[in-house]
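Below is one structure, written out as structure tokens; the observations come after it.
Protein chains in written order, with my numbering: chain A, 1 to 507; chain B, 1 to 402.
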């Protein structure tokens with residue numbers, strides 16, 4: 001049984017890697033301190049809070065842990081060592097994550113030592129289903145591999161827009177993939193879940209937008225695979241990313257945070273709420289963040305619901321909405337809803353079930369067709385007026401078929417069709433397609449997005465890109481293309497992927 | 001002006017170290033303390049206070065206030081204090097004797113680790129270095145990281161590196177060799193370099209199972225008197241001439257010095273100063289070989305070998321081991337009881353076994369293990385650590401008052 005106050009304190013420091021710097025002598029500490037040991041009493045009130053969350057460190061020394069302590073057993077064998085930051089001013093213990101170490105692997109520690117590493121926000125270790133999930137950023141990956149180091153520079157906005165829109169976005173897809181007969185899909189490493197992906201995606205969106213985290217007034221996290229039935233992911237995101245005004249003394253953030261749920265449209269549904277809240281002057285909210293995150297939630301093959309375990313992926317997308325330095329303005333929206341039970345998960349069931357005959361025409365196609373067509377009619381648009389069409393993508397066939405039915409051509413729907421690389425990332429699926437398009441769109445192009453959420457409904461949006469889309473593009477190295485085609489992808493087999501969910505044995 | 005009393009050991013006792021499956025912890029300390037009392041020739045009622053140690057009995061054995069158990073067992077109502085290591089209990093007892101608070105006290109240590117064998121590594125790591133534990137560290141990992149830092153700092157490469165690896169293995173072999181003659185030792189069987197290297201290969205690291213001390217149950221005790229009354233009990237008193245400790249940060253990666261222990265360096269300087277002797281007077285060393293690396297770096301931290309060189313002396317002394325290390329022409333008898341590696345390491349009791357060994361050796365009562373020094377065997381030094389070099393305790397023992 002874990003202790004909730006201890007978990008809170010360890011996570012508060014460890015999630016963000018909070019530290020302190022003495023403004024008198026420059027000495028730095030991991031963990032928050034009120035005074036400097038070297039300067040003593042005179043440094044009271046002169047300590048500056050720092051954190052290592054966006055920093056790059058160096059793995060100074062390392063060793064193999066193949067007999068972990070009980071709490072870490074399910075992580076299997078791993079590399080563990082000392083990571084230094086700021087040229088050795090701060091040193092922290094750290095575990096290398098995203099590596100599978102097999103029984104006979106020879107490890108050349110010297111070849112790992114001296115390499116640059118970046119912190120990853122991960123689960124600390126596996127716990128029983130009833131316990132608080134411990135998280136930490138003392139998990140690292142090599143900076144020259146899948147996750148690059150990216151600085152977070154806050155940029156003062158210089159252009160106001162009359163309509164709200166997207167000011168930045170980030171997509172986080174894990175390094176691990178499985179090859180299926182007609183597609184690849186992303187799967188979470190053993191220390192990843194919807195919470196960790198949400199935080200990482202939010203971090204990427206802040207980096208891309210250049211928006212000051214303190215100016216984000218609301219964060220929505222849409223998911224259907226929160227590991228908690230009660231306890232929001234959004235609160236973790238707000239705390240770790242320090243969204244809104246920070247009250248350091250109480251460790252509290254001046255931000256509104258909420259989780260939403262509507263199968264795969266839990267995030268897209270909130271786009272309009274985010275846009276509205278930044279548009280309404282009395283809300284006093286300059287920016288709102290919407291995250292869609294999901295964790296390859298499917299029963300194992302052969303069990304009820306296991307038919308989904310050929311398609312489900314893992315990842316998260318974050319979009320920041322505002323009215324300054326917009327890269328894509330919202331032109332309009334239309335949503336549809338009906339009570340169609342095509343896919344569901346009952347309370348206390350570990351995996352969702354699937355309605356078979358419902359999922360195609362009466363569910364997916366009917367809702368997307370209706371929402372997209374209604375929006376086009378409302379805005380007086382024909383397919384040829386639209387540069388890109390993106391829809392929810394649970395597999396390759398459905399989005400292709402619906403695009404064709406609506407009159408779109410390959411050059412309009414293929415740029416935003418990414419399911420063949422990442423799998424169905426649920427809440428993140430259509431937003432990932434949107435991100436893929438934004439990664440390559442030119443200014444003044446029109447994008448039509450139509451999400452789908454089982455249960456059932458669809459949100460259609462029309463976006464028009466601005467000139468500023470180009471200037472922000474070079475801030476993000478971790479693009480969709482980068483994540484889809486990367487020499488450091490780690491392909492695993494189905495058995496290994498299921499073990500990521502239940503535990504690796506140390507070897 | 002009156003001369004300050006000198007804390008004087010008049011009797012020692014201990015149990016065998018190892019697994020004591022059927023026995024309660026208080027049953028172990030009773031055995032150790034009865035032996036010590038018998039050797040000292042004292043009665044229970046003569047004791048004025050008790051200083052005890054256990055690292056984490058309330059956690060491992062779910063017992064309540066240890067002092068209460070000990071009071072019930074001994075039917076004594078004297079002041080009793082508990083601290084974590086035997087050396088810290090001993091240092092507190094020495095302070096009390098020197099302050100003329102008491103003239104005769106019991107010092108005892110106990111631990112029962114095997115009762116919690118399945119969770120003990122988590123407990124140890126949590127207490128030793130919590131942030132390293134949160135990051136996934138194990139009790140063994142810090143030793144390995146320290147060794148890798150050491151090799152880097154001193155640029156040990158190629159043939160030298162191979163020699164260093166052999167030297168570390170020789171420490172384990174040597175300690176098992178000494179334990180053969182120790183009737184209380186946990187492991188009384190010889191091991192070879194091959195055993196050590198095989199275990200390292202299995203672990204795929206520089207340190208393997210045979211480089212580390214085991215987990216153990218056991219208890220140790222001694223009777224400490226002021227020198228004034230000691231002579232009425234024994235004609236072979238052993239004096240505690242210097243007693244000191246120092247403390248370092250709990251998070252190993254946060255320390256400036258990561259190729260040795262600052263706490264040891266400070267503790268030994270103070271202890272030597274208090275004892276009024278120099279290192280060259282010391283012939284016997286009982287040091288805290290929680291791992292073979294610890295024995296190596298302790299020789300440096302204590303100042304018997306220059307930094308970055310201890311492995312060379314270990315290597316040359318162990319090629320044809322004569323029972324001691326030879327460092328720059330000086331003979332140094334190290335861990336004659338087999339060290340933590342072979343004698344065992346019941347945390348709260350371990351320091352007592354170190355003092356026990358020096359006491360027996362200085363009195364010439366170590367039986368088969370008795371060493372022959374060049375000249376008279378006069379001084380011994382015990383180094384005990386808590387955590388991963390977080391606390392160091394140094395005690396200097398001598399046969400004569402200077």
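By construction, the Cβ of each residue, glycine as well, lies at the ideal position given by its N, Cα and C atoms.
Distance between beta carbons of residue j and residue i, contact taken as under 8 Å
i, j, result
"residue 97 (chain A)", "residue 120 (chain A)", "6 Å"
"residue 244 (chain A)", "residue 201 (chain A)", "Not a contact, Cβ separation roughly 18 Å."
"residue 372 (chain A)", "residue 450 (chain A)", "4 Å"
"residue 340 (chain B)", "residue 399 (chain B)", "That pair is no contact at about 25 Å."
"residue 292 (chain B)", "residue 172 (chain B)", "5 Å"
"residue 320 (chain A)", "residue 211 (chain A)", "6 Å"
"residue 448 (chain A)", "residue 427 (chain A)", "No, residue 448 (chain A) and residue 427 (chain A) are not in contact; Cβ-Cβ is about 19 Å, not under 8 Å."
"residue 169 (chain A)", "residue 205 (chain A)", "5 Å"
"residue 178 (chain A)", "residue 491 (chain A)", "7 Å"
"residue 150 (chain A)", "residue 207 (chain A)", "5 Å"
"residue 419 (chain A)", "residue 183 (chain A)", "7 Å"
"residue 225 (chain B)", "residue 10 (chain B)", "5 Å"
"residue 159 (chain A)", "residue 324 (chain A)", "7 Å"
"residue 322 (chain A)", "residue 171 (chain A)", "With 8 Å as the limit, residue 322 (chain A) and residue 171 (chain A) do not qualify as a contact, their Cβ atoms being about 19 Å apart."
Within chain B, the residues that residue i reaches when beta carbons sit closer than 7 Å
i, result
"residue 30 (chain A)", "254"
"residue 10 (chain A)", "134"
"residue 40 (chain A)", "None at all; the shortest Cβ gap to chain B is about 17 Å."
"residue 100 (chain A)", "Per Cβ cutoff of 7 Å: no residues; residue 100 (chain A) is ~15 Å from chain B at best."
"residue 14 (chain A)", "134"
Contact check, residue i vs residue j, beta carbons under 8 Å
i, j, result
"residue 423 (chain A)", "residue 43 (chain A)", "no"
"residue 432 (chain A)", "residue 445 (chain A)", "no"
"residue 38 (chain B)", "residue 15 (chain B)", "no"
"residue 303 (chain A)", "residue 354 (chain A)", "no"
"residue 441 (chain A)", "residue 388 (chain A)", "yes"
"residue 396 (chain B)", "residue 272 (chain B)", "yes"
"residue 145 (chain B)", "residue 63 (chain A)", "yes"
"residue 216 (chain A)", "residue 240 (chain A)", "no"
"residue 65 (chain B)", "residue 25 (chain B)", "no"
"residue 213 (chain B)", "residue 349 (chain B)", "no"
"residue 38 (chain A)", "residue 18 (chain A)", "no"
"residue 434 (chain A)", "residue 469 (chain A)", "no"
"residue 71 (chain B)", "residue 393 (chain B)", "no"
"residue 457 (chain A)", "residue 265 (chain A)", "yes"
"residue 196 (chain B)", "residue 210 (chain B)", "yes"
"residue 52 (chain A)", "residue 115 (chain A)", "no"
"residue 23 (chain A)", "residue 46 (chain A)", "yes"
"residue 443 (chain A)", "residue 467 (chain A)", "yes"
"residue 21 (chain B)", "residue 166 (chain B)", "no"
"residue 285 (chain B)", "residue 333 (chain B)", "yes"
Contacts of residue i in chain A (Cβ-Cβ under 8 Å)
i, result
"residue 294 (chain B)", "In chain order: nothing, as chain A lies at least about 16 Å away."
"residue 205 (chain B)", "63 and 64"
"residue 132 (chain B)", "93"
Cross-chain neighbours of residue i in chain A, by beta carbon under 9 Å
i, result
"residue 125 (chain B)", "69"
Listed by chain order, chain A residues near residue i by CB distance under 7 Å
i, result
"residue 122 (chain B)", "69, 70 and 71"
"residue 145 (chain B)", "61, 63, 81 and 82"
"residue 149 (chain B)", "61"
"residue 119 (chain B)", "70"
"residue 271 (chain B)", "Result: empty, since nearest Cβ-Cβ is about 25 Å, beyond 7 Å."
"residue 141 (chain B)", "63, 65 and 80"
Chain B contact residues for residue i, given Cβ-Cβ distances below 9 Å
i, result
"residue 258 (chain A)", "Going along chain B, no residue has its Cβ under 9 Å from residue 258 (chain A), so there is no contact; the nearest lies around 29 Å."
"residue 124 (chain A)", "134, 135 and 136"
Residues bridged to residue i [DSSP beta-bridge criterion]
i, result
"residue 253 (chain A)", "A:246"
"residue 460 (chain A)", "A:334 and A:450"
"residue 119 (chain A)", "A:140"
"residue 179 (chain A)", "A:184"
Residue i beta carbon near the ligand SAH (any heavy atom closer than 7 Å)
i, result
"residue 9 (chain B)", "Summarising the ligand content, the structure contains no ligands, and the ligand SAH is consequently not present."
Under 8 Å by beta carbon: chain B residues contacting residue i
i, result
"residue 109 (chain A)", "148"
Point to revise | Selection of the stretch 127–155 of chain A by Cβ proximity to chain B, strictly under 9 Å | key: Listed in sequence order: 134, 136, 138 and 139.
Against chain B: residues of the stretch 360–386 of chain A by CB proximity under 9 Å
Per Cβ criterion, the list is empty.
Please list the residues of the stretch 303–321 of chain A that have a C-beta atom closer than 7 Å to any C-beta atom in chain B, keeping them in chain order.
Of all residues in the stretch 303–321 of chain A, none comes within less than 7 Å of chain B when Cβ atoms are compared.
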